[in-house]
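S.K.: Whatever position you read off the sequence shown (first residue = 1), add 840 for our numbering.
Glycine is no exception: its CB is placed at the ideal position from the N, C-alpha and C atoms.
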Amino acid sequence: MTDTTTVGDLMSEAKRRAFKALAIFLGLVVYAGMLLYAGVHNYALFTRGLREDLVIFALLGLFTLEVSAVGLPLAIHFWTAPGVHRIAALAFYLADLMLLGGNAILDFHLNAGLPLTPWMALYLNFIAPATPLLVGLMWSVLFILDPANRIRDMEMELAAAARIALANRIAEAARAADVNAIVEGAAQAMARDLVARAVGRAPRSALPIALNGREEQPDDAPAPPKRK
841 MTDTTTVGDL MSEAKRRAFK ALAIFLGLVV YAGMLLYAGV HNYALFTRGL
891 REDLVIFALL GLFTLEVSAV GLPLAIHFWT APGVHRIAAL AFYLADLMLL
941 GGNAILDFHL NAGLPLTPWM ALYLNFIAPA TPLLVGLMWS VLFILDPANR
991 IRDMEMELAA AARIALANRI AEAARAADVN AIVEGAAQAM ARDLVARAVG
1041 RAPRSALPIA LNGREEQPDD APAPPKRK
């Protein structure tokens, strides 16, 4: 088949790529602006009423939320596996954005002196101070759901099953008749040696002992044949 691509097609494809790159760039700019806006409100909320020596800890809370808003999308695209792992990452990303938005709305109401609704008061007293802990919990769950952990668990389970199967085969082989005969013979030989040592006699398996330049045979050793 001949290539029917024309100059117009190439120009159209180049234009499409250019607009795609522009859209991605503008999207990143908007996302960065959103994070900056949320970061200002979160900083004001976390540092409200704190002593100066505790501001650094408030910055840690702001850091966890902002970094998670960048790290979770990257994890969804490049780390998480299809299934529960990716669904959890999507849910945690949505939860992180909701925490950023909730903190921004709450800080706006506090700065403007607007009355807080019951759910805002509940959020201010119990959820907002614990948002860094919630983000840490979400990342911990993602690490636990990592498929690499399941693969490692399967490998350990297979290794344990192989060791159990090997132990069972060894036990079956030890119950064989020839093995029992070998063990019984070795036990009888050891018993004879122990008894011989206990009564002061050299064991039958002992080598002749050289005394006064000649070899002395054990008492129960057979006499040497006489010369004719």
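1. Taking residue 974 as the reference, which of 1035, 1007, 908, 1032 has the closest Cα?
2. Tell me whether residue 1046 sits in a helix, a strand or coil according to DSSP, three-state version.
3. In whole angstroms, give me the CA-to-CA distance for residue 860 and residue 851.
4. As a quick exercise: from 1018, 910, 885, pick the residue whose alpha carbon is nearest that of residue 868.
5. If you measure between the beta carbons of residue 882 and residue 943, is that distance less than 7 Å?
6. Tell me which same chain residues have a C-beta within less than 8 Å of the C-beta of residue 1051, skipping the five on either side of it?
7. Around the Cβ of residue 917, are there at least 16 other Cβ atoms within 10 angstroms (buried) or fewer (exposed)?
8. Assess contact between the stretch 888-901 and the stretch 976-986, defined as three or more Cβ pairs (one per stretch) separated by less than 8 Å. Is contact present?
9. Considering only residues of the same chain and omitting the five flanking positions on each side of residue 998, which have a CB-CB separation below 8 Å?
10. Please determine if the stretch 962-973 and the stretch 932-951 are in contact, where contact requires at least 3 C-beta pairs separated by less than 8 Å.
11. Span of the alpha helix (DSSP H) holding residue 941?
12. Is residue 912 near the ligand SAH, going by C-beta to nearest heavy atom under 6 Å?
13. Taking its Cβ as the centre, do 16 or more other Cβ atoms sit within 10 Å of residue 854, making it buried, or is it exposed?
14. Please determine, among 920, 901, 994, 846, the residue with the shortest C-alpha to C-alpha distance to residue 967.
15. Flag this pair as yes or no: are the beta carbons of residue 885 and residue 947 separated by less than 7 Å?
M.R.: From the atom records:
1. 908
2. Since pLDDT at residue 1046 reaches only 44, below the 50 mark, its modelled position is unreliable, and no value is offered.
3. 14 Å
4. 910
5. yes
6. Low confidence applies to residue 1051: its pLDDT is 40, below 50, so where it sits in the model is not reliable, and the reading given next is rough at best. Nothing listed; no residue qualifies.
7. exposed
8. no
9. none
10. yes
11. 924-952
12. The ligand SAH is absent from the structure shown, which contains no ligands of any kind.
13. exposed
14. 901
15. yes
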